[in-house]
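Student:
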Amino acid sequence: PDMVVVAKALSGGFVPVGAVLMRDDICSSVYTSAEKAFVHASTFGENTLAMRAGLATLSVLEDERLGSKAQALGKRLRDGLTVAGSEFEMVREVRGVGMMCGIEFQAPRSTALRLLFSGFAKAHPGLFGQICVSTLFNDSHILTQMAGNNYMVLKLLPPLIATESQIDQVIDGFKNLFETIQHSKKRFWGRGMKIGSDLLGLT
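Residues 6 to 208 (the working numbering) make up the sequence shown, in order.
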C-alpha cells in the first residue's frame, strides 16, 4: 500500500498514539521542503509520553520478532481450529492473517439443530453468535466478538505476545464450544434463552 495508518497496538493500548506509514517516494513528495513540512503538522501532536511508548513498542516488536512469531502462531491457531471444527456441521470456514482469525459458522443440516437454530435466528439473527461469545467467555475465559458485517463470524484477535500453550488453550476452548453446541443442546441453547430474554426486554 502507499500509506498505512496505525494506532492502538502501537503503545500496547495504554497511551493514545498513532502513526502514518508511507513509502519513501511519497514521503519525499509530501515533505519537499521545510516550509511545506509545517502544512502537515499539528500543535497537539508528538506527545512526549506517546512517542516514547510508540518507540518502546517498536523495539519490542523487533527485538522479540513478534511479527514472525505471529505468522507461526497464527497458522497453529487456524490449523488447530480447522481440525477441531472439521467434524462439526456448523463450522463453515476458519480463515485469517497472522494472529487475526475469523471462524465462520453456517446453518446446521441436522433436523434437531436446524429447528433450534432457526427459532433463535427468527428472534434475532445475531443471537447464535452472541451465545457463542458468552459460552467461550464463561466456560473458557476466551474473549471474542461477532463481526459487524456478518453475525455468523466470530472474530478472534489474540495478543502478539501469546504463547504456544495459550494458543492451544484457545483451540481447546473452541473444541469445548463445538461439542457443547452439538451434544449439550440444553446448556447451550438454554443460555440463549437467557440472552434472548434480555435482548427482547422480557426479563
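Cβ coordinates follow ideal geometry from the N, Cα and C atoms, glycine included.
1) Our contact map puts Gly201 next to Leu132 with C-beta atoms below 8 angstroms; I'd like the distance itself, whole angstroms only.
2) Looking at the structure shown, is Gln187 part of a helix, part of a strand, or coil, going by DSSP?
3) I need the straight-line Cα distance from Phe183 to Pro164, nearest angstrom please.
4) Evaluate contact between the segment 190 to 200 and the segment 103 to 112, counting only Cβ atoms and requiring at least three cross-stretch pairs below 8 angstroms.
5) Select from Arg192, Thr185, Phe193 and Lys191 the residue whose C-alpha is nearest the C-alpha of Phe93.
6) What residue ranges within the segment 98 to 157 form continuous alpha helix (DSSP H) runs of no fewer than 4 residues, ordered along the chain?
7) State whether the segment 167 to 182 contacts the segment 129 to 145, with contact taken as three or more CB pairs (one from each stretch) at a distance under 8 angstroms.
8) So, helix, strand or coil for Ala12, using DSSP?
9) What distance in whole Å lies between the Cβ atoms of Phe19 and Ala75, which are believed to be in contact at a cut-off of 8 angstroms?
10) Could you name each continuous beta strand (DSSP E) segment of 3 residues or more that falls completely within the segment 22 to 88, going from the start of the chain to the end?
11) Leaving out the 5 sequence neighbours to the left and right, which residues in its chain are closer than 7 angstroms to Leu141 when beta-carbon positions are compared?
12) Give the DSSP bridge partners of Leu159, in chain order.
13) Below 7 angstroms CB to CB, which residues in the same chain sit around Leu15 once its five sequence neighbours on both sides are set aside?
14) Excluding the five sequence neighbours on either side, which residues of its own chain have a C-beta within less than 6 angstroms of the C-beta of Val138, listed in chain order?
15) Measuring CB to CB, does Phe193 end up less than 7 angstroms from Met157?
16) Does the Cβ of Pro130 have 16 or more other Cβ atoms within 10 Å, making it buried, or fewer, making it exposed?
Tutor: Let's see:
1) 6 angstroms
2) helix
3) 23 angstroms
4) no
5) Thr185
6) 116 to 128 and 132 to 145
7) yes
8) strand
9) In fact, because the Cβ distance is near 20 angstroms, the residues do not count as touching under 8 angstroms.
10) 23 to 27
11) Ile147, Thr149, Gly178 and Leu182
12) Ile108 and Met151
13) Val22, Gly23, Ala24, Gly59 and Thr62
14) Thr149
15) no
16) exposed
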